[in-house]
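Worksheet for the structure shown next.
Number of protein chains: 2
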Amino acid sequence: MDTRISCVLILFSYGCCSHLYLTDEYEFKTVFRGVRDRNGYIKARNEVILAESNMRIGRDVVLDKTEQRVNDILMKYKELEINKSRTLNGAPFPPSIDFLVSKPMVEKSQVFQIIKLMPKGAALHLHDCSMVDLNWLVKNATYRENCYMCVNVNYTVYFKFFGGTPPSNPGCPWKSVKTERAKARNVDEFDRMLYMNMSLITPDPRKAYPTIDVVWDRFSQTLDQANGLINYAPVFADYFYEALNEFNLDNVQYLEFRGLFPEVYELDGSTKDRNWVVKTYNDLFEKFTADHKHEFSGGKMIYSGIRVVPEIDILNQVKEAIHYRQLYPDHFAGYDLVGQEDPGVPLVKYLDALLYPSEQTPPVDLPYFFHAGETDWEGTPTDNNLIDAVLLNTSRIGHGYAIVKHPQVMKMVKERNIAVEVNPISNQVLLLLSDLRNHPAAELVAQDFPVVISADDPAVWGAQGLSYDFYMAFMALSGETTDLRLLKKLAINSIQYSAMTPIEKSKALNLWRQKWDAFIQRMLHQVNQSGSFPLNPFG
Amino acid sequence: MDTRISCVLILFSYGCCSHLYLTDEYEFKTVFRGVRDRNGYIKARNEVILAESNMRIGRDVVLDKTEQRVNDILMKYKELEINKSRTLNGAPFPPSIDFLVSKPMVEKSQVFQIIKLMPKGAALHLHDCSMVDLNWLVKNATYRENCYMCVNVNYTVYFKFFGGTPPSNPGCPWKSVKTERAKARNVDEFDRMLYMNMSLITPDPRKAYPTIDVVWDRFSQTLDQANGLINYAPVFADYFYEALNEFNLDNVQYLEFRGLFPEVYELDGSTKDRNWVVKTYNDLFEKFTADHKHEFSGGKMIYSGIRVVPEIDILNQVKEAIHYRQLYPDHFAGYDLVGQEDPGVPLVKYLDALLYPSEQTPPVDLPYFFHAGETDWEGTPTDNNLIDAVLLNTSRIGHGYAIVKHPQVMKMVKERNIAVEVNPISNQVLLLLSDLRNHPAAELVAQDFPVVISADDPAVWGAQGLSYDFYMAFMALSGETTDLRLLKKLAINSIQYSAMTPIEKSKALNLWRQKWDAFIQRMLHQVNQSGSFPLNPFG
């Protein structure tokens, strides 16, 4: 029966409203279309594969001959490592396992070792008190004079520095770290205990953190624990300098972080105000960049409120942010709101405060960098933060995990070229998903969305720098055949979507290109010397 | 500085190839766009929300007044149940937990109870030996005369019927089920043991099934266990009739299943060939539909090879399928390949066999219904099955789990209106993902892709019919505010994307509409009678 006739029949028999449901598009397909023979088929198939390759991040990158040789090496290892896991009952695939457990597996990966060497550009999504390896806090900060610790009933360790005798602290009495360490049977064990106590690391994360709320609770606690050390003025400055140092050592040349700009204390009980904090960050960006002028491009801070406070506080922060941006144009980028998004106040509830800059005459320039869509709950106020972030003209979106459920937001993000800051390990450890191959950013990569890869709070889960997250992006947010072009483009993206001025970006890209060429040469040299892999990236 | 000038500067300083990376699109955004005041903002915001609502499955459904009243009740419960879990440290959210554990929670849901009552249309993705509640096999099949069981060293129970004394079966000696049951302390416990032994159900799925290969291994074993009972000729026919019965009782009026068309045995050791099997299915579709002519619309079988055999076997099956389609045009729909996709042979390796129908002169009509993309491994031969399914002109895609990683395949699927058969619980139990809120079909729902919801192998994980999977689609593959329009459209989709002829579809839709009206009336009546919920759907 002719399709059109049969559809008309259906229309009749189904009644007046059926045009909503029945068109001949819905006709069940029994006819063959297109190619019928093997050759034509293979040609059509290759066209689809090529079309998808030409949609992916990195599609516009052309590798030269030397880069192609390095790519061959990289891809040999990528394929080897994936296939080792893809075999029936094969080896565990690190990105599919909670990073709190898989970290040692990642470190054995040759792909990871290559990524460590690679100049990765900029880290654009970090937080003030979780950038530095906790080992530094343990081995440096807790070894300083006047450092005290207390252990509460839940065996959680807190720290503080005191000039004289510490005050009474019922439930968690202060003891000198120096004395406690001296009493310990084994200093390394003692230090290891401090490290573990301040981190999320645990042998059985599913058991320790059965829900997202439980893991966020413990996560916030670890930040509190670290802050007792970090917010001591002398440590505060050193901590930030060390953060820049660690990222630089991981071949990251620029960073932007969200900062709460906390009160910082001195031994005598006096405190430093927010102005001191912002000036300290500004000056340390300057100092570190000057100390490493052939390696490092600088960075910027993003002032952040916590998404639980009354709107009046947000308004005051917005005004402060405007002030700091005028005061420190080189190192102050804008404003954001942080904290667990699901139980937090949605952006729209802070609308008047957040519209303040645009409602001035003339409008005041304050770039936003909103966290949005860090949730599994679709169609909820939290989920709608994605809409508000875009309508509030955010410069980038922090996480944007839920974006693929929002086709209109996806369109706007692509049209307006708003970068999505993807932090794969964070999303896994903080329980948005378990297997990173299911991360929605795989689709953003496949469609060349403006994506940057970052690390969020690497210290808390025992990562350092960007390399672990770049490894996850390369191995799990892209396919087995996706190659060096993706990595190169992700590095370039990170500079392009930074808050740098055009001139700053130009300089940063020049420096990055030099680093990239050196990386390619180093890789080739190493292979030529040893005749083969494995590389020793620490050599 | 003017943007254009600064970009030219960047271009210069970065060198000749930089046009690949730098356009002024990449410029960091500091200017405000669009609305600046609260009213304009809220208007723009509502437009985005409306735009997304108008992109979703169900966008073209208009509810009348009575439907709207039922929708209000449904949405009250949806919101209540979601918010109970969304609260900080709230109740577990069933779709986020392995169905092997969450099933009793689902059954407590009022939303689930409403969905059970709803006429759901057709179940289009099922398999021959996993459609009927295992309790039926235990309580009916194993109670029949001549039924024997054996328990192997791994405590796995197998079954077979024998006319005389069973043959020696070293390692797994046959014993009469009747005798064993009589010896048991407690018959219910004995039967419960048989049930559990044949299912995947276990209190700690993560421990029992640590990997996808382990769960597939056990899954295949449960199918083998059931087949010993099902493939006994008298049970075979009754099993299939019972399958139609159970889906009918779950308010499903039509079904299509993939069948391996196995050898069926008689007590005397003789066997029934494939022709008998196909005729039996055909006749039982006819009989059940005749027995339930005001309730049931019928069904079709899809012959399926296992994706491990040599190509010559596939070619022979394709030829058989062409033959059966000519012989039983009313109940034979086409061909597919089944089995764990990752370790299986990719479709492209069977290309010549699968192109056979289209290469005949004139081309022969054999609709395909390929399983494709039931994988987490992107960019692999398995993942590329999605490309081959579409190029081989598949009528629907089984699972299509990986489709969101394939933008070109997505385009083709939308243009050609190829339905994606989504089986949420199957994907969770068989470990493609853990939390169903991360299921990629959420995005297909958000963009009104041609989606149908099905149940795959419900018996194996203790589900019955379609309701459990519809519940998951409603609660986890769509947002909190997505309503009855989605459910109604999913039911209509299931008929539209079936392999029915236009005339058959027309009849089925008429019947479905009557059922739908009755459902709406029943819901209103129940609320009017009792004054409130909870409904008792079994009353």
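Chains A and B supply the protein sequences, listed in that same order. Quick note on our numbering: the first sequence kicks off at 1 and runs consecutively. Quick note on our numbering: the second sequence kicks off at 1 and runs consecutively. The beta-carbon is built from N, C-alpha and C at its ideal position, and this holds for glycine as well. On a predicted model such as this, the values are computed, not experimentally measured, just so you know.
Distance from the CA atom of Val151(B) to the CA atom of Phe159(B), rounded to whole angstroms, is 9 Å. Comparing alpha-carbon positions, the option among Leu509(B), Gln526(B), Tyr335(B) and Asp435(B) lying closest to Thr375(A) turns out to be Asp435(B). When DSSP states are grouped into helix, strand and coil, Phe257(A) belongs to the strand group. Within the stretch 321-383 of chain A, the complete alpha helix (DSSP H) segments of 4 residues or longer fall at 351-359, listed in chain order. Per DSSP, reduced to three states, the secondary structure at Ser176(B) is strand.
Excluding sequence positions up to five before and after Ser454(B), its CB lies within less than 6 Å of the CB of Ala123, Leu124, His125, Glu421 and Asn423, all in the same chain and listed in chain order.
Close partners of Asn438(A) in chain B (Cβ separation under 7 Å): Asp376, Leu433 and Asn438.
Taking C-beta atoms under 8 Å as the contact rule, Val157(A) and Met149(A) qualify, at a distance of about 6 Å. Under the criterion of beta carbons closer than 8 Å, Met75(B) and Asp483(B) qualify as touching, at roughly 5 Å.
Close partners of Lys405(B) in chain A (Cβ separation under 8 Å): Ala442, Glu443, Ala446 and Gly479. Between Gly299(A) and Phe370(A), the alpha-carbon positions lie close to 18 Å from each other. Between the stretch 196-214 of chain A and the stretch 176-186 of chain A there are fewer than three C-beta pairs closer than 8 Å, too few to call the two in contact.
At a cut-off of 8 Å, the C-beta of Glu79(B) has no neighbouring C-beta in chain A.
Between Tyr335(B) and Ile495(B), the gap from beta carbon to beta carbon reaches 8 Å or more.
In summary, Arg325(A) is buried, with 16 or more beta-carbon neighbours lying within 10 Å of its beta-carbon over all protein chains present. Beta-bridge partners of Cys147(B) (DSSP): Phe161(B). Residues Thr271 of the same chain have their beta carbon placed closer than 6 Å to that of Glu263(A), with the five preceding and five following residues left out of the count. Listed as beta-bridge partners of Ala419(B) by DSSP are Arg396(B). At a C-beta separation below 9 Å, Met55(A) has these neighbours in chain B: Pro407 and Gln408. Below 8 Å, enough C-beta pairs join the stretch 471-490 of chain A and the stretch 72-90 of chain A to call them touching: three or more. Under DSSP, the beta-bridge partners assigned to Val264(B) are Lys272(B). Per DSSP, reduced to three states, the secondary structure at Ser498(B) is coil, with no helix or strand assignment. Arg513(B) and Lys505(B) have their alpha carbons spaced roughly 12 Å apart. At a cut-off of 8 Å between beta-carbon atoms, Ala44(A) makes contact with chain B. In the three-state reduction of the DSSP assignment, Ser85(B) falls in the helix class, which pools H, G and I. In the DSSP assignment, no residue is bridged to Ser478(B).
Against chain B, the CB of Arg274(A) has no partner CB under 8 Å away; the residue lies outside that interface.
The residues Pro205, in chain order, have a CB closer than 7 Å to that of Val101(A) in the same chain once the five nearest residues on each side in sequence are set aside. Under DSSP, Tyr303(A) shares a beta bridge with Gly259(A) and Tyr335(A). At least one C-beta of chain A is nearer than 8 Å to the C-beta of Glu359(B).
Fewer than three pairs of CB atoms, one per stretch, sit closer than 8 Å, so the stretch 314-322 of chain A makes no contact with the stretch 280-297 of chain A.
Under the Cβ criterion of 8 Å, Val48(B) is counted among the residues facing chain A. If you draw a straight line from the Cα of Glu67(B) to the Cα of Lys488(B), it is about 10 Å long. For Asn71(A), no Cβ of chain B is located within less than 8 Å of the residue's own Cβ. A Cβ-Cβ contact shorter than 8 Å links Ser467(A) with Phe112(A). Between Ile57(A) and Asp448(A) a beta carbon distance of about 5 Å is seen, short of the 8 Å cut, so the two are scored as contacting.
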